[in-house]
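Read in order, the letters of the sequence shown correspond to residues 9 to 446 in our numbering.
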Amino acid sequence: MQVKGLQTMSKRIDAALIADSNRQRATALQQDYEALGKQLSRSGIDIERITAQAEAFQIAVPSWGTGTGGTRFARFPGIGEPRNIFEKIEDCAVINDLSRCTARVSPHFPWDKVDDFNALKQHAAAFGLSWDAVNSNTFQNQPGQRHSYKYGSLSHTAEAVRQQAIAHNLECIEWGRQLGSRILTVWIGDGANHPGQQHFQRAFERYLESMAAIYAGLPPDWELHIEHKMFEPAFYATVIQDWGSNILAAMQLGERAKSLVDLGHHAPNCNIEMIVSRLIQFEKLGGFHFNDSKYGDDDLDSGSLHPYQQFLIFNELVDAEYRRQPGFAPNYLLDQSHNVTDPIESLINSAIEVQRSYIKALLVDREALAGYQQDNDALMASNTLKAAFHVDVSPILATARLRKGGAVDPIATYRTAGYRAGVAADRPSAGGTGSGII
Ligand SMILES: [Mn+2]
9 MQVKGLQTMS KRIDAALIAD SNRQRATALQ QDYEALGKQL SRSGIDIERI TAQAEAFQIA
69 VPSWGTGTGG TRFARFPGIG EPRNIFEKIE DCAVINDLSR CTARVSPHFP WDKVDDFNAL
129 KQHAAAFGLS WDAVNSNTFQ NQPGQRHSYK YGSLSHTAEA VRQQAIAHNL ECIEWGRQLG
189 SRILTVWIGD GANHPGQQHF QRAFERYLES MAAIYAGLPP DWELHIEHKM FEPAFYATVI
249 QDWGSNILAA MQLGERAKSL VDLGHHAPNC NIEMIVSRLI QFEKLGGFHF NDSKYGDDDL
309 DSGSLHPYQQ FLIFNELVDA EYRRQPGFAP NYLLDQSHNV TDPIESLINS AIEVQRSYIK
369 ALLVDREALA GYQQDNDALM ASNTLKAAFH VDVSPILATA RLRKGGAVDP IATYRTAGYR
429 AGVAADRPSA GGTGSGII
């Protein structure tokens, strides 16, 4: 189906349409960029150096984020939702073509399992995309599965269930290896809904034993990332409940086992940036699942509620980067559930909001901050962070996109292209419930 702005063969957004959209915004952007450049130069900051870092910034998108999510109560499908990993890749290409900071996709198995992984790898490469962390799934039963995960997976009391869950993680590594990934991320739903239901220590011992078997199956250049979550689906206790259990498991398993921080998986008001600092210090920060939340694991768009918290996290990350902290190479991924927005628009927005936090953190006057910390000048230390946070770096982000062939205004350009309506005809609703809350 021919739709304005869409190339019929690949459904990619026409580069000419992006260029035309950019042309309309070029003069205003140039003026804003020059003004910001002058403002930053008064603080001794070269805007070109910052823009180069914006151009280098990358955050992966989750394959499962391209469909409309849902809640525990219902899911309201959007139009033209991708029905399989090949169509998800098409949507991820749109996100990257416009934002130019999301060239990697994180698959979730067995949802994204295919017969020919080489064909999938080539399909993604044709869109300029490669593969991020692979994610296993032992938090729900799959068709034809022999043993149920109703009472757990890697920590289950029954040996046969644990072996089945281990085998699934090992096949995820193999599929990821074929795609060119180098990280396996493991999150389990194991836990208890009732006091007394589970022996805390024995469950954790069984989990560690299972994870050791998975760790032993990692290729030498791979990392194993452990994701904790305070509650859900187990509402009384989860086996990997918090960053404490997480780092204990990572330390027990070995050097290439690291902790993953999902922003929504902590207790309310938790000081996440301090947890990040601790993980950095002990070389156990594997990476992030970025999202935002107000009450729990809400999986809302990154930076939509707590942009200052996200900035403070990046303040720790940039600090570690500048200090050349050993073992510091965290992986960035979005993990969101889009219930009321077009997932493509939310993922574009969110990737840029995370990039924005990174760029603002680069503007912190670290020498001044260290001085205020040394002198116990709490107010000026805080103001030093706020001064960077309050700078509107939008012209830097837009210029970085422009220079890499992306869109100055990605959302407006996406809407002008009419992509969603264009793919809707080829993608009748599958009627499935999918998933998104993990
Ligand atoms: Mn997550």
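Don't be surprised by glycine CBs; every beta carbon is placed ideally from N, CA and C.
Would the beta-carbon of Tyr330 fall within 7 Å of that of Phe296?
no
Using three-state DSSP, classify Thr193 as helix, strand or coil.
strand
Should the region 377 to 397 be called in touch with the region 71 to 78, which here means at least 3 C-beta pairs below 8 Å?
no
When every heavy atom of ligand 1 is checked, does at least one fall within less than 6 Å of the C-beta of His297?
yes
At least three beta-carbon pairs within less than 8 Å, the region 236 to 244 to the region 281 to 289
no
Assign Val348 to buried or exposed, taking buried as 16 or more other Cβ atoms, counted over all protein chains shown, within 10 Å of its Cβ.
exposed
Could you name the residues that DSSP lists as bridge partners for Arg112?
Ser138
Looking at the secondary structure, which residues open and close the beta strand (DSSP E) in which Phe296 lies?
Leu293 to Phe298
Spatial neighbours of Arg214 within its chain, please: C-beta separation below 6 Å, excluding the five flanking residues on both sides.
Ser163
Could you tell me if Asn279 is buried or exposed, where buried requires 16 or more neighbouring beta carbons within 10 angstroms of its beta carbon?
exposed
Proximity below 7 Å, CB of Leu342 to CB of Pro70
yes
Going by the beta-carbon positions, is the gap between His233 and Leu268 smaller than 7 Å?
yes
Through-space distance from Tyr422 to Gly13, alpha-carbon basis
Unreliable placement is indicated for Gly13, whose pLDDT of 47 sits below 50; the coordinate value is still reported in the next sentence. Approximately 9 Å between the Cα atoms of the pair.
According to DSSP, simplified to helix, strand and coil, what is Tyr303?
coil
Could you spell out the range, first to last residue, of the beta strand (DSSP E) harbouring Leu341?
Asn339 to Leu342
Please give me, in chain order, every unbroken run of the alpha helix (DSSP H) with length at least 4 that falls completely inside the region 209 to 246.
none
Can you give me the Cβ contacts of Glu182 inside the same chain, cut-off strictly under 6 Å, excluding the 5 residues immediately before and after it?
none
Does the beta-carbon of His236 have 16 or more other beta-carbons within 10 angstroms, so that it is buried, or is it exposed?
buried
Pop quiz: Ala408 and Thr35 are said to be a contact at Cβ under 8 Å. What is the actual Cβ separation, rounded to whole angstroms?
With a Cβ gap of about 18 Å, Ala408 and Thr35 do not count as contacting.
When the Cα of Glu240 is compared with those of Glu167, Ser312, Gly199 and Leu256, which residue comes out closest?
Gly199
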